[in-house]
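So the sequences go chain by chain: A and B. The first sequence stops at residue 311 when you use this note's numbering, and every number in between is there. The second sequence stops at residue 268 when you use this note's numbering, and every number in between is there. Ideal Cβ placement from N, Cα and C applies to all residues, glycine included. Heads up, the thing below is written out as structure tokens.
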Amino acid sequence: MTNVLIVAEQSNGSLKKSSLNAVGAGQLLAARTGGQLHVALLGQGVGGAPAQLAALGVTVHVAEHAALAHGLAEAAAPVVAALARAVGAGYVGGAATSGGKDLLPRAAALLEAAMATEVLAFAGDGAQVLFRRPMWAGNVVADVELATAVKVFTIRPTEFAPAAPAAAPGEVKAVAASVDAAGLKTRFVSFEEVKSTRPELTEARVVVSGGRGTKGDFKPIEALADVLGAAVGASRAAVDAGWVPNDWQVGQTGKVVAPELYVAAGISGAIQHLAGMKGSKVIVAVNKDPEAPVFAVADYGLVGDLFKVLPELTEKVKAGK
Amino acid sequence: MALKILVTAKRVEDPESKIRVKPDGSGIVTDGVNYKLNPFDEIAIEEALRLKEAHGGEVVVVSIGGDKSQTEIRAALAMGADRGILLRHEGPLDPVVVSALLAKLVEQEKPDLVLLGKQSIDDDQNQAGQYLAARLGQAQGTFASKHESLESEAEQKRQPGLKLAADGQRLTVVREVDGGVETLDLALPAVVTVDLRLNKPRFASLPGIMKAKKKELKDVPAASLGVDLTPRVLVRRLAEPPKRQGGLKVADVEELYKKLHEGAKVL
């Protein structure tokens, strides 16, 4: 029997949505290996997050410590590794968030484990788990075996269904986190939250994105997004030009999104952008260039000027409400 | 206050190349594929050079691979790095092995800072820097970025995005994280992995390319470092992702709205 440890994340005492997907992945894995599922939650002032996790019917291990408040990998990795050993975890995973990608490889090194990043699915047979993951910017999908006793992974949240609430809640256990706070070589200085009234890009039902074709004017993109209650995204070109914040970038090197509707306006469709949105249910492309590669993946393509098309579509949506 | 920086230069498939999988799924088709320096490593090299230009010191570039990886080391030397080390190794590499080799090299070279790309664009694992920091017991700053845009004046002046403290003992790293921007302060020596928006790498000049030919490039068998080189990440099968059935064009907004509203029912 091989147990599974999922590292969940919280922010200001509230569980991150992507952690539900990570727990869902952990349930699939535990069913494959016949082991137990354990969930770790680290931080300080974790609020209602442990109860949110326990409602999923899993055993929750809560490690609270001042040095864990800001999710420093240097502080958190030894705590995760110690917990993985304590619960006999053969698999340790989490969501491929910026926090997960920072922490889990460091924990993997302490566990002498090999790791698979951005896992899309568990392949292989029975307890012989292969990790299916993208390589070469999503142009290739690989089935990977991790040949170490402990195996570590991050999952791409859009590829796994969130864990559902269970009939009986799981147990919440406090873990004494041994952190050498004075010995830490990393100091947290600040976090500047990007505040927005729009939904989080990776969690939105609709995403409207703009690229080079906006020439820096995102007003029509934002106007359409706002009537649709959508998040706003951008191509790398728009971000690199400094037109919009970095965290708007959709793509292999930015955020991977899979909304019900993705509108790409003035985006030509570089491979690395497509890798970040190909999982969307319906893709709409608006571009002046009929040869733009984005049209090849779009369910509905409209050749035209986004500065005319988007306001027109915005009015249509308003009128249809 | 001079900084000694070790920076990585991995040889990878050109991101502009079309990557195709062999029919038996055992690997990718390498015919007609160009190779180049991993773009994230290129940003790491640029940052190393800017730090050296601002504070003095030495930039040592390392690549792990076969003969051909010398090309990527020479490219970094042409940009301005001082000397190169090829850790000669044929066959597959994974972050477990790479980080173990780099840790050995750090023991020998004792750099103040190791700079790496946040990931290489072939296996896209995003792990080596974090593994290395853990092995060395050092501070880590992943996904280093900066507040200024790539069109800003600071960028035009090639100022480093990583800020060295006045005493030369600590480094401030601005990180791109979900939902915002985080700033960390790392005690040196430390490991930093870089993201796309840290800088725009320079092009090598002709004199730079000429000078690079005379710079030291040490050739060290990876097997001589006493590291277990057995791969732990075994790629069993490759496939191409399922294709999307796209390509339908609509005439106007009227038709688009109708398709989305009545057809796909997403509006």
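Quick one: is residue 238 of chain A near chain B, going by C-beta distance under 7 Å? Under the Cβ criterion of 7 Å, residue 238 of chain A is not counted among the residues facing chain B.
- Query: What do you reckon, are the CB atoms on residue 253 of chain A and residue 223 of chain A nearer than 7 Å?
  - Reply: No Cβ-Cβ contact shorter than 7 Å links residue 253 of chain A with residue 223 of chain A.
task: Consider the Cβ of residue 167 of chain B: report whether some Cβ of chain A lies at a distance smaller than 7 Å.
output: Among the CB atoms of chain A, none fall inside 7 Å of the CB of residue 167 of chain B.
Cβ of residue 232 of chain A within 7 Å of Cβ of residue 150 of chain B?
It is a contact, given that the beta carbons lie within the stated cut-off.
Practice task
Using a Cβ-Cβ cut-off of less than 8 Å, give me the residues of the segment 75 to 86 of chain A that come near chain B, in sequence order.
Solution key: Listed by position, the residues of the segment 75 to 86 of chain A near chain B (Cβ gap below 8 Å) amount to none.
Mapping DSSP to helix, strand and coil, what is residue 146 of chain B? Here residue 146 of chain B sits in strand by DSSP.
Problem set entry | residue 252 of chain B vs residue 26 of chain B beta-carbon contact at 7 Å | Contact: no.
Just to confirm the assignment, what range does the beta strand (DSSP E) spanning residue 162 of chain A have?
Per DSSP, the unbroken beta strand (DSSP E) holding residue 162 of chain A starts and ends at 162 to 165.
Discussion item. Could you check whether the Cβ of residue 258 of chain B sits closer than 7 Å to any Cβ belonging to chain A?
Written reply: Closer than 7 Å to some Cβ of chain A, the Cβ of residue 258 of chain B qualifies, so yes.
* Would you mind sorting residue 75 of chain A into buried or exposed? The rule is 16 or more other CB atoms within 10 Å of its CB. => The residue is exposed, with fewer than 16 neighbouring Cβ atoms inside 10 Å.
| request: Would you mind telling me which residues of chain B sit closer than 9 Å to residue 292 of chain A, beta carbon to beta carbon, in chain order? | output: Result: 250, 251, 252, 253, 254, 256 and 257.
Quick one: list the residues of chain B neighbouring residue 181 of chain A, beta-carbon separation under 9 Å, in chain order. Within 9 Å Cβ-Cβ: 178, 180, 181, 182, 183 and 184.
Check your understanding: Is it the case that the Cβ atoms of residue 280 of chain A and residue 293 of chain A are separated by a distance below 7 Å?
Key -> The Cβ atoms of residue 280 of chain A and residue 293 of chain A lie closer than 7 Å to each other.
Against chain B: residues of the segment 258 to 277 of chain A by CB proximity under 8 Å: For the segment 258 to 277 of chain A, which is checked against every Cβ of chain B, the residues closer than 8 Å are 261, 262, 268, 271, 272, 273 and 274.
Legend entry - Residues, ordered as in the chain, of the segment 96 to 117 of chain B that lie near chain A by beta-carbon distance below 9 Å: Those would be 96, 97 and 100, in chain order.
Exercise. State the CB to CB distance for the pair residue 128 of chain A and residue 242 of chain B, rounded to an integer number of angstroms; the pair is presumed to be in contact (CB under 8 Å).
Key: About 6 Å separates the Cβ atoms of residue 128 of chain A and residue 242 of chain B, confirming a contact at the 8 Å cut-off.
Task: Cβ neighbours of residue 134 of chain A in the same chain (closer than 7 Å, five flanking residues each side left out) - done: Excluding five sequence positions before and after residue 134 of chain A, the CB atoms of its chain that fall closer than 7 Å to its own CB belong to 106, 120, 121 and 123, given in chain order.
Item to check | Extent of the continuous beta strand (DSSP E) run through residue 195 of chain B | outcome: Note, residue 195 of chain B: beta strand (DSSP E), 191 to 195.
Q.
Restricting to runs no shorter than 4 residues, where is the alpha helix (DSSP H) found entirely within the segment 223 to 257 of chain A?
A. Entirely contained in the segment 223 to 257 of chain A, the alpha helix (DSSP H) runs reaching 4 residues are, in chain order, 226 to 230.
Near residue 192 of chain B, what residues of its chain come up, given a Cβ to Cβ distance below 6 Å and the 5 sequence neighbours on each side ignored?
Shown here for residue 192 of chain B: same chain residues with a beta carbon closer than 6 Å to its own, the five before and five after excluded, namely 115, 130, 133, 134, 139 and 141 in chain order.
Does DSSP put residue 213 of chain B in a helix, in a strand, or in coil? Shown here, residue 213 of chain B sits in a helix according to DSSP, grouped into three states.
Going straight from the alpha carbon of residue 178 of chain B to that of residue 235 of chain A, what length do you get? Cα to Cα, the separation comes out at about 12 Å.
> Cβ of residue 232 of chain A less than 7 Å from any chain B Cβ?
Replying inline: Put simply, the CB of residue 232 of chain A is near chain B, with a gap under 7 Å to one of its CB atoms.
Q) So with Cβ pairs under 7 Å, would you call residue 47 of chain B a contact of chain A? A) No, because no Cβ of chain A sits closer than 7 Å to the Cβ of residue 47 of chain B.
Relative to the alpha-carbon of residue 296 of chain A, which residue among A:278, A:285, A:311 and A:289 has its alpha-carbon at the smallest distance? Residue A:278 is the option with its Cα nearest to residue 296 of chain A.
- Taking the alpha carbon of residue 261 of chain B as the point to measure from, which residue in A:289, A:60, A:48 and A:37 has its own alpha carbon closest? Selection A:289, A:60, A:48 and A:37 evaluated against residue 261 of chain B yields A:289 as nearest (Cα-Cα).
| query | Looking at the unbroken alpha helix (DSSP H) that takes in residue 97 of chain B, where does it start and where does it end? | reply | For residue 97 of chain B, the enclosing alpha helix (DSSP H) begins and ends at 96 to 110.
Next on the checklist: So, for residue 10 of chain B: in the same chain, excluding its five sequence neighbours on each side, which residues have a beta-carbon less than 6 Å away from its beta-carbon?
Outcome noted: Around residue 10 of chain B: 38, 42, 62, 64, 73, 74 and 77.
Margin query: Counting beta carbon pairs with one atom in the segment 150 to 161 of chain B and one in the segment 218 to 237 of chain B, are three or more of them shorter than 8 Å?
Written below: No contact exists between the segment 218 to 237 of chain B and the segment 150 to 161 of chain B.
- Contact with chain B by residue 95 of chain A, beta-carbon distance below 7 Å: Among the residues facing chain B, residue 95 of chain A is included, as its CB has a counterpart in that chain under 7 Å away.
| Are there 16 or more other CB atoms within 10 angstroms of the CB of residue 53 of chain B, so buried, or fewer, so exposed? | Burial call: buried.
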